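**Student:** There's a structure below that I have some questions on.
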Amino acid sequence: MNWFPFLSYVLVSTFTPGPNNISSMSNAGRYGFGASLRYRLGIFCGFFTVQLLAALFSATLLDYIPAAQPYMLALGAAYILWMAWKTLTSRSGGEETSAADNAFLSGVLLQLVNVKVIIFAVTTMSTFVLPYTRSVLTLGLFALGLAGTAFVSVNCWAAFGAVFSRALRRHERAANAVMALLLAYCALSLYL
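Quick note on numbering: the sequence shown equals residues 10 to 201 in our numbering.
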């Protein structure tokens with residue numbers, strides 16, 4: 010395996026702005042770094058699941074993705090735009106909002122419709138991993154390592170959100186608008 014292109018792709022893909030990173034930053038800024046951990050753990054578990062499924066079923070998925078891709082893109086873009094709207098219209102405070110936006114299950118479910126994660130999983134496994142191994146244990150370890158990298162990324166973004174939480178709260182409308190625009194860009198970039 011040629012490790013430099015693999016690691017470059019993984020780091021660039023996981024640390025650039027996307028739904029996971031933006032929502033983690035937003036939740037940590039709104040609820041605190043520790044209180045938003047369950048959401049990030051949900052991202053980790055969902056990311057691992059998607060990676061594992063992509064590894065185990067890559068050959069089949071690659072056969073069906075060309076036909077399903079427009080639907081996957083539309084579903085993913087719609088969900089990301091919904092997240093952008095929720096971010097734009099959200100206001101700090103309130104346990105009901107915290108429970109809905111900051112839940113473990115929300116982090117997991119995001120991965121199942123996050124086109125960036127799905128395409129990343131299929132691309133990473135089919136291009137960099139599967140040509141070299143078909144061992145279920147090795148594929149599982151790669152899936153775990155990739156999910157771990159994503160977990161580090163969302164924690165870095167969350168730390169940024171938590172550190173600047175006072176400024177984010179003081180300028181909540183502007184911060185939410187910027188994060189919503191970034192999420193909307195993520196959705197639109199799926200079609201560029």
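A virtual CB, placed ideally from N, CA and C, is assigned to each residue, including glycine. The structure presented is a predicted model; accordingly, all values stated were derived computationally and were not measured.
Does the Cβ-Cβ distance between F129 and S198 come in under 8 Å?
**Tutor:** Result no, Cβ atoms of F129 and S198 do not sit closer than 8 Å.
**Student:** Report, in whole angstroms, the separation of the C-beta atoms of L1 and M34, which I expect to be a contact under 8 Å.
**Tutor:** The displayed coordinates of the chain run from 10 to 201. Any statement about residue 1 would go beyond what the structure contains.
**Student:** By DSSP, does T142 sit in helix, in strand, or in coil?
**Tutor:** In this structure, T142 counts as coil in the three-state DSSP scheme.
**Student:** If you drop the 5 nearest sequence neighbours on each side, which residues of the same chain put their C-beta closer than 7 Å to that of T96?
**Tutor:** Answer for T96: S35, N185, M188, A189 and L192, listed in chain order.
**Student:** Beta-carbon within less than 6 Å of R47's beta-carbon, same chain only, minus the 5 sequence neighbours each way: which residues are those?
**Tutor:** F113.
**Student:** Are G51 and G116 closer than 8 Å when you measure CB to CB?
**Tutor:** Taking 8 Å as the Cβ cut-off, G51 and G116 qualify as a contacting pair.
**Student:** Grab the span of the alpha helix (DSSP H) containing L177 for me, first residue to last.
**Tutor:** Taken as a continuous stretch (DSSP letters only), the alpha helix (DSSP H) holding L177 covers S174 to R179.
**Student:** For P28, count neighbouring Cβ atoms within 10 angstroms of its own Cβ and tell me buried if that reaches 16, exposed if not.
**Tutor:** Burial call: buried.
**Student:** Can you tell me which of the three DSSP states T98 falls into?
**Tutor:** In the structure shown, T98 sits in a helix (DSSP, three-state: H, G or I).
**Student:** In the structure shown, what three-state DSSP assignment does Y200 receive?
**Tutor:** Coil at Y200, not helix or strand.
**Student:** Whose C-alpha, out of F15, N30, W94 and S174, is nearest the C-alpha of T160?
**Tutor:** Here residue 160 turns out to be Phe, not Thr, going by the sequence shown. That would be N30, whose Cα lies nearest to the Cα of F160.
**Student:** For L155, which option in A63, A76 and A196 has the closest C-alpha, if you only look at C-alpha atoms?
**Tutor:** Taking only the C-alpha atoms, the option nearest L155 is A63.
**Student:** How big is the Cα-Cα spacing for Y141 and L16?
**Tutor:** Their Cα atoms are separated by approximately 15 Å.
**Student:** In three-state DSSP terms, what is A183?
**Tutor:** It is helical.
**Student:** Indicate whether L119 and G55 have their beta-carbon atoms separated by less than 8 Å.
**Tutor:** Yes.
**Student:** Cα separation between V19 and T158?
**Tutor:** Rounded to whole angstroms, V19 to T158 spans 8 Å at the Cα level.
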